[in-house]
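Which chain is which? The protein sequence lines are A and B, in order.
Take 1 as the starting number for the first sequence in our numbering and just add one per residue.
Take 1001 as the starting number for the second sequence in our numbering and just add one per residue.
C-beta: ideal position from N, C-alpha, C; glycine also.
Being a predicted model, the structure only gives us computed values, none of them experimental.
Accompanying notes for the structure given below.
Number of protein chains: 2
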Amino acid sequence: MAFDGFDFDKEKDFSTWYSEVVKRAELCDLRYNVKGFVVFRPWCVMSFKKMYAAFEKELEASGHRPALFPALVPEENFLKEKEHVEGFAPDLFWVTEVAGNKLGERLAMRPTSETAMYKMYSLWIQGLSDLPLKIYQSCQVWRCETKATRPFIRSREFHWIEAHDVFATMEEAEAQVRTDMETTERVMHLQFGVPFIYFKRPEWDKFPGAVETFGADSLMPDGKTIQQPSTHLLGQNFAKAFDVSFLNSKGEREFGWQTCYGPAISRIYASVISVHGDNKGLVLPFDLAPVQVVVIPVQKKGLEEKIVAKAKAVAASLRGRGFSVECDCSTSTPGFKYNYWELRGVPLRVEVGAREMESGEFVVARRDTGEKEKVKEMELPARLNGLGVAISDNLRLKADAWFAKQLHCASSMEELAKALDKGGFVKVPLCSVKMDGKACAEKIKAETVGDVRGTRFGGKDKPVHSAVCVACGKPADEVVFVARQY
Amino acid sequence: MAFDGFDFDKEKDFSTWYSEVVKRAELCDLRYNVKGFVVFRPWCVMSFKKMYAAFEKELEASGHRPALFPALVPEENFLKEKEHVEGFAPDLFWVTEVAGNKLGERLAMRPTSETAMYKMYSLWIQGLSDLPLKIYQSCQVWRCETKATRPFIRSREFHWIEAHDVFATMEEAEAQVRTDMETTERVMHLQFGVPFIYFKRPEWDKFPGAVETFGADSLMPDGKTIQQPSTHLLGQNFAKAFDVSFLNSKGEREFGWQTCYGPAISRIYASVISVHGDNKGLVLPFDLAPVQVVVIPVQKKGLEEKIVAKAKAVAASLRGRGFSVECDCSTSTPGFKYNYWELRGVPLRVEVGAREMESGEFVVARRDTGEKEKVKEMELPARLNGLGVAISDNLRLKADAWFAKQLHCASSMEELAKALDKGGFVKVPLCSVKMDGKACAEKIKAETVGDVRGTRFGGKDKPVHSAVCVACGKPADEVVFVARQY
């Protein structure tokens, strides 16, 4: 356990802060010898597991069941949905040789699983009693992203959940899309403390093959947006391509109405560490921390053994109460240990020293605020639980307050460019979010490096009567949000 | 939910029974259009998740931490350990094209992760304070098995856990191998009820690159053996190939001592369903069942709504007590429902009818024995918990009793062939389990279709003084177990 200090400024130089925290907290190792592939180390994977469990629990509560589909998809499956193959073909990893033999047909490593799953759905769905079909899989997918890769944010292999549902009516599919957005809210915002806005993507930025795409955009500390879970209304596009159909109540064969939803765990983790972290390193919500409480013996000459024994006893007793606890009895100084565990974002520290043993009161320190208090031994479990909730709440509320300040308005290209320099989202009037508006979005991108993220879902952002598109000057039909993007 | 009956004889025709139960209980779909790849359906994946959790819990209790390594391994990594590359090269899936470009170096889809992980271990391990390093990953691996594939038993993509450890001494590595075997015992035998024997594999049947391999062999109902979790003492072979080394207490650079352990969840599931199943379908241990209790309303004219409401209330109350519960309110007959849930191995059924509502006592039926009893509503949670434990215990004890009868002895090739026809393991004297004995093992295989599985770990099976090898007639050094193999 080597610790060589952490002191990077998240506000002033987020990019360096991020790289250093990823490296020094041992979250991820970039030295694996395949470009764009990284190794996820235990400290992050322990949080991944909790994040997976949180999403899976919500998905199961809304009627989804887990399945596991093959990682390899035959080329012929891709060719079935035209937009989809055009969208994903440039990014595919192809298996062409197996056991010394050249394959007749190439196999793609799944970039997402529509084309693997819906062929089976076609076999499983016959009548109304087979619907709705709601299945998710927790897995990894592979896409040869050409942009620069960054750990957790963008890489060629990522870990996610994908939920694929089929319904008998368009209305049910539309309702599922809203449920998916609520799932994101309940898990990513309420549990992980990461704020976001759901945008209906413009026509030109939809998922390949979708009728409508809703993407959750969060913000990083440098003011750039990062795309989080999307949910897609697929309508009958894929159902027609893969013959996912059922006998409806009139006895007619009808194509299914589909949705899909994909929370990328590794990406959400990027937001968790970036939004909550501070200049000492990670700050983790209580329920995501691999270690929730670290117990640290503060030595006094002549009492070494007694103090260590007491620290271990306190740790064991807390473990028995369901906390995830580490007792750091290494030979380092308490100061070194404080820094070490603070860098790793452990929410609570309990100090056990000579004074504490005498008084029966332990010093408890919060990672998020640095506040310390004395807690009687008997009251420790209840108080730590209370502090755990308080820490998660505080992180979420702080993030919300910061996020609320990142919304700006502009009505001209110049204003937009200036506002984007400050970071965050900028609301501007745009002529259209149909294909007509694509050229204007491209102009905005070229002149301001801002991306049109779409219209806010459930928002009331309608342009005023006289508003004109910032790009073309024609009357504006929509208010869209623009942001620079990861 | 279509149900077309299940009535196959596991004892008389295990092969058909297995195929039918896999299909009719909707565990796995073989119609995916890549040879050797199957789709794991929700009913089996829900059990997979519990099996993964059980193994992960044990591994974490013995000091392992989870990580996630890339699915792709560069060819150069494979070339580092000679035996390993020879062992796995024939089975590899190779990625050669990415995003429209031919790769300079081929990338293999991992068949196991030694060559991906140990290159990183070399970077992570410097001194004694970095040891022991104990890491596991839950993932899927790909091997182009040339033998006939069978769902869960052998396929080209399987789901497993692999634990890879590094120690400062050979003694610690040897101790880890014993711990791994205990993990298999505690999880696969005590929790899942699947009996097995750990064999030290003969010299010619070790894991490629290992010093010693210990494999758990279980038995299928047809008397053939199926290999379950192996643990390998790797010594310093891989450490030398990948430069996994540390500064020892004398200040000298020393190679690490390694072990690896790999429980294949999908394969263990094959044993679980085969060993416990009966002619009505699956029988699942209580802690592995996706649904532990099914509540079935038994309708009476005029009371339909009241009975359904009561059934739902009972189900909800049991759910609140932590049981995984389904309430089957479909329009099918109770008899149809009984068969449907029995085929799926649900351990307990609670019947709610007019009589039950009046008396306040519910009929509870056990899947394993078919026994029924009446239980007062208030006592339901405690009694169901007790029955759950009783079912798991009964399944394990029944399996143990059956397994104990599958051990035979032989002292000649004729006796061996006859004994193998009966199924199970046959103990025979063999000249040697070193490379010298390989020709005799091949002769045994050619004449009896039996495989030499090795010597029993911890056993006292020493040949009598005058014993001679069944194959060559020379004095026998060892007693080995022979079995026909999946």
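Per DSSP, the bridge partner or partners of residue i
i              : result
residue 1018/B : Note: residue 1018/B sits in no beta bridge, so no partner.
residue 296/A  : 351/A
residue 183/A  : Its beta-bridge partners do not exist; DSSP assigns none.
residue 1101/B : 1098/B
residue 1065/B : 1135/B
residue 1154/B : 1150/B
residue 191/A  : The partner list for residue 191/A (beta bridge, DSSP) is empty, contrary to what the question assumes.
residue 269/A  : Paired residues: none, contrary to the question.
Any chain B beta carbon closer than 9 Å to residue i
i             : result
residue 76/A  : yes
residue 237/A : no
residue 159/A : yes
residue 41/A  : yes
residue 484/A : no
residue 303/A : no
residue 144/A : yes
residue 19/A  : no
residue 2/A   : Annotation note: pLDDT 42 at residue 2/A (below 50); position unreliable, no value reported.
residue 435/A : no
residue 132/A : no
CB contact below 9 Å: residue i versus chain E
i            : result
residue 91/A : In the structure shown, chain E cannot be found, because the protein chains are A and B.
Distance between beta carbons of residue j and residue i, contact taken as under 8 Å
i              : j              : result
residue 1228/B : residue 1271/B : 7 Å
residue 276/A  : residue 395/A  : 5 Å
residue 67/A   : residue 1041/B : 6 Å
residue 174/A  : residue 233/A  : 6 Å
residue 1221/B : residue 1172/B : Between residue 1172/B and residue 1221/B the Cβ distance is about 39 Å, and since that is not below 8 Å, they are no contact.
residue 1037/B : residue 1155/B : 7 Å
residue 246/A  : residue 137/A  : With 8 Å as the limit, residue 246/A and residue 137/A do not qualify as a contact, their Cβ atoms being about 22 Å apart.
Length of the line joining the Cα atoms of residue i and residue j
i              : j              : result
residue 1002/B : residue 128/A  : Here residue 1002/B scores only 42 on pLDDT, less than 50, and its place in the model should not be relied on; the value that follows carries that caveat. Straight-line Cα distance between these residues: approximately 12 Å.
residue 307/A  : residue 375/A  : 17 Å
residue 187/A  : residue 53/A   : 10 Å
residue 1481/B : residue 1189/B : 20 Å
residue 409/A  : residue 463/A  : 12 Å
residue 8/A    : residue 345/A  : 15 Å
residue 432/A  : residue 477/A  : 6 Å
residue 1286/B : residue 59/A   : 23 Å
residue 43/A   : residue 371/A  : 25 Å
residue 326/A  : residue 293/A  : 7 Å
residue 1465/B : residue 1414/B : 21 Å
residue 479/A  : residue 199/A  : 11 Å
residue 178/A  : residue 454/A  : 17 Å
residue 1416/B : residue 1472/B : 14 Å
Proximity of residue i and residue j at Cβ, strictly below 9 Å
i              : j              : result
residue 31/A   : residue 39/A   : yes
residue 1487/B : residue 1203/B : Only positions 1001 to 1486 of chain B appear in the structure, and residue 1487/B is not among them; the question remains open.
residue 1352/B : residue 1318/B : no
residue 1195/B : residue 1399/B : yes
residue 383/A  : residue 223/A  : no
residue 507/A  : residue 1094/B : For chain A, the structure presents residues 1 to 486; residue 507/A sits outside this window and is missing.
residue 975/B  : residue 34/A   : This structure cannot speak to residue 975/B, because chain B is shown only from 1001 to 1486.
residue 1261/B : residue 1162/B : yes
residue 78/A   : residue 143/A  : no
residue 18/A   : residue 274/A  : yes
residue 1239/B : residue 1214/B : no
residue 1164/B : residue 1259/B : yes
residue 364/A  : residue 348/A  : yes
residue 1048/B : residue 1266/B : yes
residue 291/A  : residue 332/A  : no
residue 451/A  : residue 225/A  : yes
residue 470/A  : residue 407/A  : no
Beta carbon proximity, residue i to chain A, threshold 9 Å
i              : result
residue 1032/B : yes
residue 1051/B : no
residue 1096/B : yes
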